[in-house]
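Enquirer: Numbering (our numbering), first residue to last: 268 to 572. Here it is: the structure, laid out below.
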Amino acid sequence: MSPPLLACRGVTVTRGRREVLRDVDLELRAGEVVALLGPNGAGKSTLLGALAGALTPAAGAVERHGRVAVALQSPDLARRSVLSNVVAALAWWGVPRPERRERALAALSTLGAAHLASRPASELSGGERRRVHLARAIAVMPDVLMLDEPFAGLDGSARSDLLADVAGVVRDPARATLVVVHDRAEAWALADRLVVLIGGAVLADGTPGELLASPRSAEVARFLGYDGELRCDDGSLLLTRPSHVALDPTGPLRARVTRVIPTEDGARVELALDQGTLSATVDGPPPAAGASVGVALRGGVRFPA
């Protein structure tokens, strides 16, 4: 295994008397794309700032090897042309003048924004601003690339288009990439590895498949979409995702439909049982609220009492 390009050991960051990050360990290696996930207020942007050197930890240390570039959440651009914005970033990084224009155009091209090069930045849409903002970081050719919620504030279509383009751009065998995301679907589309940060601490670190199949704790499971909860006879807790729950007239459990939420492909059905609550998805016509239904479980994760 290659040595990490960036690593933090025992990093703690405080604001006043409050610990925003607590004893965080993290390593980023060349060729991997890591998604940093967590609820609002978990400390994701604070961790990014500490890794980039913008914040000084109260304890612990950060090791950086090579050039680190960060695209912050807000896509602020100067009042000049798109190309000039990217060229200015390269100038700030000390890239020789003869190389700047070509590298700027290449970065814009990788993000599907070459046609915007001569346009004033003030005339760009939200999605176009995001593309130019990311192009500035890509153009630097960093060893470590960090993106803070690159899809924030975009509508569904612009978000999907940018997500598809970024998924190809961020993957480089010579570079380590860390992407802070709020949406689990974005993490699954981008990352080889997920790091779950909750309450300022890393509670899980692994591949998307590993964490979804075997979450390390009930807190992590709930964050990853395990919204069903049944208390078992032995006192243990069974958590489920909607994919684990089937409406089945012959199922061993009985439930009452408490709410039906239409979706694009069917409906989400929320269920109440004596042991707890479940959610299921159905493709065809859903049962009515208040109906009694049979339920069969096809999976889930059990946690001890």
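A virtual CB, placed ideally from N, CA and C, is assigned to each residue, including glycine.
(1) Using CA coordinates, which residue listed in P387, V407 and R386 is at the minimum distance from R334?
(2) In its own chain, which residues sit with a C-beta less than 8 Å from the C-beta of D550, not counting the 5 before and 5 after it?
(3) Looking only at its chain, what residues have a beta carbon closer than 6 Å to the beta carbon of V253, apart from the 5 residues adjacent to it on each side?
(4) Quick one: using the 10 Å Cβ neighbour count with 16 as the cut-off for buried, is R521 buried or exposed?
(5) In the DSSP output, which residue or residues are listed as bridge partners for R331?
(6) Which class does V577 belong to by DSSP, given the choice of helix, strand or coil?
(7) Within the region 495-546, note down every full beta strand (DSSP E) run reaching 3 residues or more, in order along the chain.
(8) Would the beta-carbon of L315 fall within 8 Å of that of V447?
(9) Does G277 pass the burial test, meaning 16 or more other C-beta atoms within 10 Å, or should it be called exposed?
(10) Are the CB atoms of R331 and V354 within a distance shorter than 8 Å?
(11) Grab the span of the alpha helix (DSSP H) containing V362 for me, first residue to last.
(12) Near R631, what residues of its chain come up, given a Cβ to Cβ distance below 6 Å and the 5 sequence neighbours on each side ignored?
Expert: Taking the coordinates as given:
(1) In terms of Cα proximity to R334, the closest of P387, V407 and R386 is V407.
(2) Within the same chain, D550 has close Cβ partners D532 and G533.
(3) A query on residue 253 cannot be resolved here, the shown segment of the chain reaching from 268 to 572 and no further.
(4) Counting Cβ neighbours within 10 Å, R521 comes out exposed, since fewer than 16 surround it.
(5) In the DSSP assignment, R331 forms a beta bridge with L273.
(6) Since the displayed the chain opens at 268 and closes at 572, residue 577 lies outside it and no answer follows.
(7) The DSSP assignment places complete beta strand (DSSP E) segments of no fewer than 3 residues inside the region 495-546 at 495-498, 504-507, 512-514, 520-530 and 533-540, in order along the chain.
(8) In contact: L315 and V447 (Cβ atoms closer than 8 Å).
(9) It counts as exposed.
(10) No, these two residues do not count as a Cβ contact at 8 Å.
(11) Premise fails: V362 is in no alpha helix (DSSP H) and is neither H nor E.
(12) The structure shown has nothing for residue 631, since the chain only spans 268 to 572.
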